[in-house]
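Taking it in order: structure first as structure tokens, then the write-up.
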Amino acid sequence: SPRGSTRPPVRGIGWHLLPSAGTRVKSTSENDELLAVPDSAAAHERALAAARAVQETMAGTPGKAFEETEVDRAKAQILRFLNYKPRTRAELMTKLVEDKLYDPTHAAAAIAYLQEKGVHSDVDYAEQWARYKWRTAKWAPRRIETSLREKGVARDDARAGLKRVFASLGDVSSPRNGSELRSDSETHVIAGEEEDKANELLRAARKRWALSFGMAPTTRRRRLAAWLDRRGHFGSTTRDVIETLEREDREREWAEEAKRDDTERGYEKSSE
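For the sequence shown, my numbering assigns the number 120 to the initial residue and increments by one for each residue that follows.
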């Protein structure tokens, strides 16, 4: 039968109970790996809720044989799905109805129950997906929102999750007016991410910029602009980043020139 009655043991449910930040959960979707949400009070509460939900699903009335319903079996199946990797509500419905052949009504009831218990939330999924895509690819908020909508996450849930990660849902604030990177001692890091997303984006762009060293200026600009555009960043952000990096190159050249001049003057004085 596609809907066996085997229940999962009472233990950590999927990414909710992973031991530490940086643990990776293998994903078969889009060849991606989702980073586990770092340990936090919220993650701990979700873990406890998941454990309670499993216990309630498994427990019967004392002294009586427990009869599993279709909804109970669907709950257990959802927990197995989530134990493998995080999924959106839409993905869970598809897996239950199309792959496991559950009645849509029973599937919806099972998902609603686990969401009520705090085991599953599309807002939490959106937050985790946003953190993963920012850390690994520096996607802009609007690019992340588009990908979440494609995964079936409602607009309000997607935006609620994004607001936990980004100050603005359009794009990160671009480095303007000669702003400089902070020193490591001044950088605030939260959940593996810098508080200043513009600073983080500039760091990543600088690495890409260095790869094109020696190429024609127009080629360097075009390559970096394409890299930022693919990640959903606004044209204004792209222009600001490129202008900042070109200014840094000029300042570096001027500093090297001044150093050479000082060296030459020192050599001339020593020759006299």
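Yeah, the Cβ is synthetic: ideal placement off N, Cα and C, and Gly gets one too.
ask   = Is it the case that the Cβ atoms of D241 and R208 are separated by a distance below 9 Å?
value = In this structure, R208 lies closer than 9 Å to D241 by Cβ.
key: Own chain residues within Cβ distance below 7 Å of D222, not counting five before or after   = Only E189 meet the Cβ criterion.
L396 to A279 span [Cα, whole Å] = This structure does not reach residue 396, given that the chain is present from 120 up to 391, and the question cannot be answered.
query = First and last residue of the alpha helix (DSSP H) that includes L220?
reply = Per DSSP, L220 belongs to no alpha helix (DSSP H) and is neither H nor E.
message = Whole angstroms are fine: how far does the CA of V291 sit from the CA of S238?
response = A small fix is needed here, since residue 238 is Val in this sequence, not Ser. So the two alpha carbons sit approximately 31 Å from each other.
request  = Can you give me the Cβ contacts of A344 inside the same chain, cut-off strictly under 6 Å, excluding the 5 residues immediately before and after it?
outcome  = Excluding positions up to five away in sequence, the list reads T357.
key: Residue interval of the alpha helix (DSSP H) (run including W346)   = 336-349 is the extent of the alpha helix (DSSP H) around W346.
task = For A323, collect the residues of the same chain with a Cβ closer than 7 Å to its Cβ; drop the 5 residues on either side in sequence, then sort them by chain order.
result = Listed in chain order, the non-local C-beta contacts of A323 below 7 Å within the same chain comprise K257, local neighbours out to five positions each way being set aside.
ask   = Do Y232 and P205 come within 9 Å of each other at the CB atom, strictly closer than that value?
value = Result no, Cβ atoms of P205 and Y232 do not sit closer than 9 Å.
Under 9 Å between C-beta atoms of K270 and R262 = By the CB criterion at 9 Å, K270 and R262 fall outside the cutoff.
request  = Closer than 8 Å by C-beta to Q234: which residues in its own chain qualify, once you throw out the five before and the five after it? Chain order, please.
outcome  = Cβ neighbours of Q234 beyond the five flanking positions: R208, S240.
Where F285 falls: helix, strand or coil (DSSP) = F285 carries a coil assignment under DSSP once its states are collapsed to helix, strand and coil.
F353 (DSSP reduced to helix, strand or coil) = F353 falls in the coil class under three-state DSSP.
message = If the criterion is Cβ atoms closer than 9 Å, does the pair E367 and R339 meet it?
response = Their beta carbons are not under 9 Å apart, which means E367 does not touch R339 by this criterion.
task = Go to E186, then tell me how far its alpha helix (DSSP H) extends in each direction, as first and last residue.
result = Neither: E186 is in no alpha helix (DSSP H) and is coded neither H nor E.
query = According to DSSP, is P260 helix, strand or coil?
reply = Collapsing the DSSP output to three states places P260 in a helix.
key: Close Cβ partners of A277 (< 7 Å) along its chain, the five nearest in sequence each way excluded   = Contacts found: A245, E264, L267, R268.
query = In terms of alpha-carbon separation, which member of L211, F285, A329, A228 lies closest to V272?
reply = Cα-wise, what sits closest to V272 is L211.
ask   = Using the C-alpha atoms, what's the distance from A249 back to L215?
value = Cα to Cα, the separation comes out at about 25 Å.
inquiry  = With a threshold of 7 Å on Cβ separation, who are the neighbours of H352 within its own chain once the five nearest residues in sequence on each side are excluded?
reply    = Beyond the five residues adjoining it in sequence on each side, H352 comes within less than 7 Å, by CB distance, of A259, D290 in the same chain, given in chain order.
ask   = When you compare only the Cα positions, how much space is there between R283 and Q247?
value = Answer to the nearest angstrom: the Cα atoms are 10 Å apart.
inquiry  = Between the alpha carbons of E217 and I197, how many angstroms are there, rounded?
reply    = Straight through space, the alpha carbons of I197 and E217 are spaced by roughly 14 Å.
query = How long is the line joining the alpha carbons of A169 and K236, rounded to whole angstroms?
reply = C-alpha separation (whole angstroms): 7 Å.
query = Would you report the Cα separation of R341 and L220, rounded to the nearest angstrom?
reply = Just so you know, the alpha carbons of R341 and L220 end up roughly 50 Å apart.
inquiry  = According to DSSP, is T207 part of a helix, a strand, or is it coil?
reply    = T207: coil per DSSP, three-state reduction.
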